[in-house]
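Under numbering that gives the first Met the number 0, the first residue of the sequence shown carries the number 0, and numbering increases by one thereafter.
Working notes, structure below.
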Amino acid sequence: MNNRNNKKRGGREVAASPFPPVVALDVGTTKIACLAGELDEKGKLGKITGTGNAPARGMHKGVVVDIKDASESIRASAAAAGATEGAGGVFAGVAGAHIVSMNRRVSLDNPNPDGRVTKAERQALLEKLKRVDVSPDLTLIHALPRQYILDGQDAVTRPVGMWATHIEMEGHLVFGAISSIQNLVAAVEGAGLEVEDIVLEPLASARACLEKEELESGVMLADIGGGTTDAVIFSGGRLVHSAVLPVGGNHITRDISVALKVPLDAAEEIKINHGHAQSHLVEDIEMARFPVATAAAGSERTVTFSKKFLARVIEARVTEIFSLVHKQARESGYLSSIAAGIVLTGGSSQLEGICGLAEQAMSLPCRQGTPSNAATVVDIPSNPVYATAVGLILYGSERIFKRGPGRPAEGSTHSLGLWEEVLAKVKGWFGRQSKT
Ligand SMILES: Nc1ncnc2c1ncn2[C@@H]1O[C@H](COP(=O)(O)OP(=O)(O)OP(=O)(O)O)[C@@H](O)[C@H]1O
Ligand SMILES: [Mg+2]
């Protein structure tokens with residue numbers, strides 16, 4: 000993956016990128032997706048050099064539950080993407096029920112005699128925003144300023160250089176359990192890779208799937224994966240709410256397995272090949288047959304089922320997921336700001352009829368979101384299961400570009416040095432553990 004030497008492209012010598020390679024790792028409940036890429040000379044993601052997708056082991060509801068198994072899956076996915084040991088910084092996604100998020104408002108009086116706001120006040124407000132009393136088991140992952148209020152005037156996004164006596168900042172904070180992050184970092188390191196930064200998974204999916212106009216108008220994104228449904232809301236271009244719900248496509252599969260009395264792998268295939276989320280669109284008489292292996296070696300039985308019955312089973316679970324998503328929107332206080340509707344992504348967004356059910360259940364316009372935001376420049380995987388990985392590689396490319404060629408990592412811009420704090424805590428934990 001050495002891209003520092005000049006290379007021949009189309010028969011002519013082109014200057015190689017001065018930037019190190021970028022690696023994105025989506026450690027999901029069902030699959031580990033890995034994308035490796037190169038930045039061009041201008042620092043934009045210029046090329047996806049490798050794609051990996053390996054079944055996830057050692058994962059449950061978005062978190063690592065077996066480091067060794069998870070490491071092996073990560074290693075397999077990274078190897079398929081060509082991101083082997085020492086491949087450079089990895090940008091990894093984080094999710095799970097341990098994620099806690101909140102909105103906060105902090106303020107200070109402008110100490111400058113000329114009354115102008117400087118970078119120092121902006122930084123002081125950010126530090127104040129981050130200083131919040133939460134459980135010592137949690138660590139901050141993102142601190143994202145949303146808007147500034149200068150002497151009561153809201154909607155200010157760039158306060159530096161403006162005049163004000165009283166400055167307020169509103170922002171969104173995302174926390175995760177130190178232990179869960181430690182397990183994630185250990186699993187990645189166990190695969191011989193080094194974590195450069197972690198990003199909340201739905202934030203990455205949103206980066207890959209949402210349009211600028213949607214972000215401005217107000218939009219909700221739900222990434223319905225295997226073990227979790229991750230939701231984020233943007234209003235006025237800024238993140239205003241984030242949540243990770245511990246329910247996803249695996250629950251639908253399990254319901255089918257129980258309802259049709261078939262093993263999980265058969266239920267998974269039945270869901271993908273015959274499933275529908277809106278039972279009223281399925282004819283009463285439609286029947287399907289599916290061969291299921293039996294305990295006796297080499298023999299199988301055929302299961303015959305009504306497709307309407309199957310759709311009813313799926314619809315019940317997906318309706319439950321949407322009622323949880325809708326509750327998030329309601330309780331965030333931003334439901335009325337979601338003018339552009341809801342965008343569904345993640346593997347389970349491929350379920351037939353799911354957008355129709357979302358519109359019916361939540362009274363919001365719905366579309367399926369596929370990773371498209373870099374499509375004009377690079378050939379990215381357009382399947383929604385890659386939404387998080389594509390967002391991570393776009394984010395990682397920006398990070399690497401901002402820190403400049405060859406310079407060491409200096410902490411994430413999204414949280415202004417926050418990752419060093421997180422990593423220090425996580426590493427501190429490792430230190431303490433390895434001594435015992
Ligand atoms: N065509 C399809 N129709 C219905 N469901 C599908 C389809 N393809 C994949 N899925 C479901 O998508 C889920 C996996 O999605 P995804 O790869 O986004 O999850 P993940 O990232 O591994 O998990 P999570 O984000 O929850 O940790 C599985 O439950 C799978 O059954
Ligand atoms: Mg996922």
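All C-beta atoms in this analysis are idealised placements derived from N, C-alpha and C, irrespective of residue type, glycine included.
Look up residue i in the DSSP assignment and say whether it is helix, strand or coil.
i      : result
Pro150 : For the sequence presented, residue 150 should be read as Asp rather than Pro. Here Asp150 sits in coil by DSSP.
Ser411 : At Ser411, the pLDDT of 40 sits below 50, so the modelled position is not reliable and the matter cannot be decided from this model.
Arg406 : Any reading at Arg406 must be qualified, since the residue scores a pLDDT of 49, below 50, and its modelled position is unreliable; the value itself is stated next. Reduced to three states, the DSSP call for Arg406 is coil.
Ile438 : Because the chain here runs from 0 to 435, residue 438 falls outside it and cannot be looked at.
Ile284 : coil
Ile197 : strand
Leu192 : coil
Asp264 : helix
Val246 : coil
Thr387 : helix
Thr252 : helix
Ala176 : strand
Val184 : helix
Val257 : helix
Leu128 : helix
Leu209 : coil
Asn1   : Here Asn1 scores only 39 on pLDDT, less than 50, and its place in the model should not be relied on; the value that follows carries that caveat. Asn1: coil per DSSP, three-state reduction.
Gly9   : Because Gly9 carries a pLDDT of 44, less than 50, the predicted location of this residue cannot be relied on, and no value is offered for it.
Ser381 : coil
His275 : coil
Gly395 : helix
Considering only the alpha carbon of each residue, which of the options lies closest to residue i?
i      : options                        : result
Asp222 : Leu209, Ile66, Phe400          : Leu209
Leu199 : Phe400, Ile180, Ala190, Arg74  : Ile180
Ala80  : Ile31, Glu358, Asn111          : Ile31
Gly175 : Leu356, Leu149, Lys306, Val62  : Val62
Arg103 : Asp132, Val93, Ile66, Asn109   : Asp132
Phe233 : Ala258, Ser204, Glu37          : Ser204
Asp108 : Leu149, Ile271, Leu220         : Leu149
Gly38  : Thr28, Val21, Ala53            : This sequence places Leu at residue 38; Gly is not what is there. Of the candidates Thr28, Val21, Ala53, the one whose C-alpha sits nearest the C-alpha of Leu38 is Val21.
Ile284 : Ala294, Lys306, Thr369         : Lys306
His250 : Leu124, Leu343, Arg316         : Arg316
Ser72  : Ser241, Thr29, Gly395, Phe304  : Thr29
Leu137 : His97, Ser331, Lys118, Arg145  : His97
Phe135 : Glu268, Ser178, Gly170         : Note on residue identity: the sequence assigns Pro, not Phe, to residue 135. Ranking Glu268, Ser178, Gly170 by Cα distance to Pro135 puts Ser178 first.
Pro144 : Val231, Leu125, Asp153, Leu44  : Leu125
Tyr333 : Ser241, Ser278, Met58          : Ser241
Leu323 : Glu167, Thr227, Leu128, Glu84  : Thr227
Gln475 : Gln349, Ser371, Val243, Gly390 : Because the chain spans 0 through 435 in this model, residue 475 falls outside it and cannot be assessed.
Gly170 : Gly160, Arg121, Ser70, Thr117  : Arg121
Val64  : Gly297, Gly49, Gly95           : Gly95
Ala78  : Lys46, Met161, Leu192          : Leu192
Ser396 : Leu24, Gly42, Leu202, Glu212   : Gly42
Leu128 : Ala154, Ser100, Gln367         : Ser100
His141 : Arg329, Glu215, Val93          : Val93
Is the Cβ-Cβ distance between residue i and residue j less than 8 angstroms?
i      : j      : result
Ala386 : Gly345 : yes
Pro19  : Ile392 : no
Phe321 : Ala360 : yes
Val89  : Val194 : yes
Pro245 : Lys60  : yes
Ala55  : Ala75  : no
Leu172 : Leu139 : yes
Tyr394 : Arg206 : yes
Gly217 : Ser347 : no
Ala185 : Ile66  : yes
Thr17  : Pro290 : According to the sequence as given, residue 17 is Pro; it is not Thr. Against a cut-off of 8 angstroms, the Cβ pair of Pro290 and Pro17 comes out as no contact.
Ala91  : Ile197 : yes
Glu314 : Ser336 : no
Val159 : Lys118 : yes
Please name the residue or residues paired with residue i in a DSSP beta bridge.
i      : result
Pro110 : None, per the DSSP bridge assignment.
Arg115 : Trp162
Ile232 : Met219, His240
Phe18  : Phe18 pairs with nothing; no bridge assigned.
His171 : Asn102, Leu143
Leu34  : Ala23, Thr50
Val155 : Tyr147
Thr138 : Gly175
Pro290 : Thr301
| request: Any chance you could list the beta strand (DSSP E) runs of at least 3 consecutive residues sitting entirely within the region 74 to 102, in chain order? | output: 88 to 93
| task | For the region 293 to 377, list the alpha helix (DSSP H) runs that are entirely contained and at least 4 residues long, ordered along the chain. | result | 306 to 331, 353 to 361
| said: For a minimum of 3 consecutive residues, which ranges assigned as the beta strand (DSSP E) are wholly contained in the region 38 to 67? | reply: 44 to 54
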